[in-house]
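Some notes on the structure that comes next.
In the working numbering, the protein residues as written are 14 to 714.
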């Protein structure tokens, strides 16, 4: 097996596509020339053409091992990257090629070595019939059909299990070849080869073929367009369910089967709340308004903001606090919610419109109450049309301090890396700074940078001028972090890093490499300059820090296992054509819910076969990374709530099903989530009373 290179994944996919296209084009041309071989003007030309076609068949046959090689290279990334190619695509081209070598090649060789007495004499009827025999012409046309369907299967790649897709694919190919076989036999049924249609007859035949193909494509497109339309009102409970590798669990009905078959009432999401009584330790009000905001460069953003700030105000609480946050909506026409990204709140407090609550309409308010049971760097944002609302500014940082927050002189910077749509185009910034921000911190002062990537895409950051430690990932402490220097810090959308260092006697420069001229420059005396670090190796969190015991791990017995294959294909979403971002070949709301039972230990394998990274965010749970690309974690345990799976990567994740509800799990490239890369995790006997869809005002993305 080949050692995969994640950096070369897109190149390897392109190589496989290239060989598949070359195979299709080469055999299509070869098939046409073989079909026209009986109509050579002279026997000499028939012999000369046969010699060339012998070479063509041999060269075409060599494309099969070439395709096998590219498939094996893809298999180096994991079986899910090559299984459909190997068991469906390869037989479609290998079998006809074998027939071409066994049947076509010997007959062509006989023509190629035949003596020609009169170079100007036309082929005899017998020679024409032998040149037109199905054994000569049909394998190449079958190969063309196989190559065409194999290439289509690269674009519309099936996901396991492959038995039904393989059966349907082979049935289509076989039926098509049988029809062609009958036509080939018919052309040699008389004493001479049936002549090729010419003029009007040929035009009519080509027209009929073209119209038939276009009609089939149009029928499929119309069906796909119609079935892609989202209902005006629908419930998440309407979804199909999948139980993965584990026992079937009860459904969502208001009465569902319990132990011993007894009927037990289904729990409503609306009842899974935080504490309804008690005086909150921290109380906040976040007021959403429309605003025209300026970045530090004076570029203007047509924004929607919390409390008139860009981004929203930092909410800082302490571990164990009862937190109460009231959302007041004073926008003109922007229903919204609040989601606590990475905080495992009770389900009713999760803030997903149409799943855990109704969106808060303009002029209305909603109060969230939850206990801060975690510590670290988090953030809050809208979960109603989030691809639009977060982009425009409805988000802010959330910090949950430990009971012992650290040194009294600790200096903290909370930075949200964001991309804004401004009157000057797209601009990357840290908070509202799209120019260089300068700060003064005395030498010897401990410094912590709390970094939030609030953008859709993976960003890369650097910290120059000082050794530093990555002390937390997604709010979860790293065990025994060691000092780093001259490394790049890739961070997917929604993810967070905590960076700590002691302020040196010289300047320190933090940079987002999407806008390296901006960033944060910290100096001990307000003087000095430092260029951003641009080139360095990437930080690998799975090899950082030291191991420590975890409640479960790669060797655990899992109660339930799921596989999620992230991919893309052309199609329609809600009646609009897109290049879709799919999970197991489907898009929301056609992706079955992942069903679990409370207390189960769950394993999820995530495979990214697409052309972009996907930061997969699981609501209500943090996950332990078991392995990445088949390699176990060797450093500190990696606990995350947003796992950025780069194209070509495979992650094995695990979590304890200990927070009942109906949870949205989705790509945190929010545009991908808006176009269907959204799934739901549902617990046994839990249902939501809320509805989504245009008629409800709830858009849960």
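C-beta: ideal position from N, C-alpha, C; glycine also.
DSSP state of residue i mapped onto helix, strand, coil
i, result
"residue 90", "coil"
"residue 170", "coil"
"residue 360", "helix"
"residue 273", "Confidence at residue 273 is low in this model, with a pLDDT of 49, below 50, so its placement is unreliable and the value that follows should be read with caution. If DSSP states are grouped into helix, strand and coil, residue 273 belongs with the helices."
"residue 471", "coil"
"residue 703", "coil"
"residue 557", "coil"
"residue 31", "helix"
"residue 547", "coil"
"residue 279", "coil"
"residue 267", "Residue confidence is low: residue 267 scores 45 on pLDDT, short of 50, so the model does not pin down where it sits. Its coordinate-derived value is still stated next. If DSSP states are grouped into helix, strand and coil, residue 267 belongs with coil."
"residue 201", "coil"
"residue 76", "helix"
"residue 176", "helix"
"residue 249", "helix"
"residue 713", "coil"
"residue 501", "strand"
"residue 19", "helix"
"residue 611", "coil"
"residue 651", "coil"
When the options are compared against residue i, the one with the closest alpha-carbon
i, options, result
"residue 539", "50, 453 and 446", "453"
"residue 146", "174, 116 and 169", "116"
"residue 713", "691, 700 and 702", "691"
"residue 577", "520, 363, 693 and 378", "693"
"residue 162", "181, 172 and 175", "181"
"residue 362", "553, 282 and 542", "282"
"residue 186", "155, 439 and 114", "155"
"residue 619", "409, 90 and 49", "90"
"residue 499", "507, 252, 669 and 481", "481"
"residue 168", "52, 27 and 296", "27"
"residue 419", "460, 554, 699 and 203", "460"
"residue 508", "410, 440, 590 and 581", "410"
"residue 93", "34, 343, 633 and 623", "623"
"residue 621", "662, 636 and 647", "662"
Contact under 8 Å by Cβ, residue i with residue j
i, j, result
"residue 373", "residue 396", "no"
"residue 301", "residue 336", "no"
"residue 563", "residue 650", "yes"
"residue 111", "residue 166", "no"
"residue 701", "residue 216", "no"
"residue 705", "residue 381", "no"
"residue 435", "residue 318", "no"
"residue 431", "residue 324", "yes"
"residue 510", "residue 502", "yes"
"residue 96", "residue 175", "yes"
"residue 353", "residue 393", "yes"
"residue 606", "residue 254", "yes"
"residue 761", "residue 429", "Not covered by the structure: residue 761. The range shown for the chain is 14 to 714."
"residue 74", "residue 103", "no"
Presumed contact (8 Å Cβ cut-off) between residue i and residue j, rounded CB distance
i, j, result
"residue 412", "residue 548", "With 8 Å as the limit, residue 412 and residue 548 do not qualify as a contact, their Cβ atoms being about 32 Å apart."
"residue 304", "residue 312", "That belief does not hold up - the Cβ atoms of residue 304 and residue 312 are roughly 14 Å apart, past 8 Å."
"residue 485", "residue 608", "Their Cβ separation, rounded to whole angstroms, is 32 Å, which puts residue 485 and residue 608 out of contact at 8 Å."
"residue 558", "residue 489", "11 Å between Cβ atoms; not a contact."
"residue 673", "residue 360", "7 Å"
"residue 120", "residue 148", "6 Å"
"residue 84", "residue 99", "5 Å"
"residue 504", "residue 464", "7 Å"
"residue 192", "residue 200", "Not really, about 13 Å apart at Cβ, beyond 8 Å."
"residue 600", "residue 457", "With 8 Å as the limit, residue 600 and residue 457 do not qualify as a contact, their Cβ atoms being about 54 Å apart."
"residue 478", "residue 543", "5 Å"
"residue 487", "residue 643", "About 23 Å separates the two Cβ atoms, so there is no contact after all."
"residue 252", "residue 602", "6 Å"
"residue 703", "residue 367", "5 Å"
"residue 67", "residue 123", "Not really, about 10 Å apart at Cβ, beyond 8 Å."
Near the ligand MG: residue i beta-carbon under 7 Å from a heavy atom
i, result
"residue 431", "Within the structure as shown, the ligand MG is missing, as the structure has no ligands at all."
Q.
Within 8 Å, do at least three Cβ pairs link the region 678-696 to the region 588-597?
A. yes
Q) Between the region 653-668 and the region 623-640, do at least 3 Cβ pairs fall closer than 8 Å? A) yes
Q.
I'd like to know if the region 439-454 and the region 514-531 are in contact, where contact means that at least 3 CB-CB pairs between them fall below 8 Å.
A. yes
Q | the region 387-406 in contact with the region 465-472 per 3-pair CB rule at 8 Å | A | Segments in contact, yes.
Q. Would the region 608-621 and the region 556-573 be scored as touching if the rule is three or more Cβ pairs under 8 Å?
A. yes
(Q) Below 8 Å, how does it come out for the region 30-41 and the region 128-145: are there three or more Cβ pairs, yes or no? (A) no
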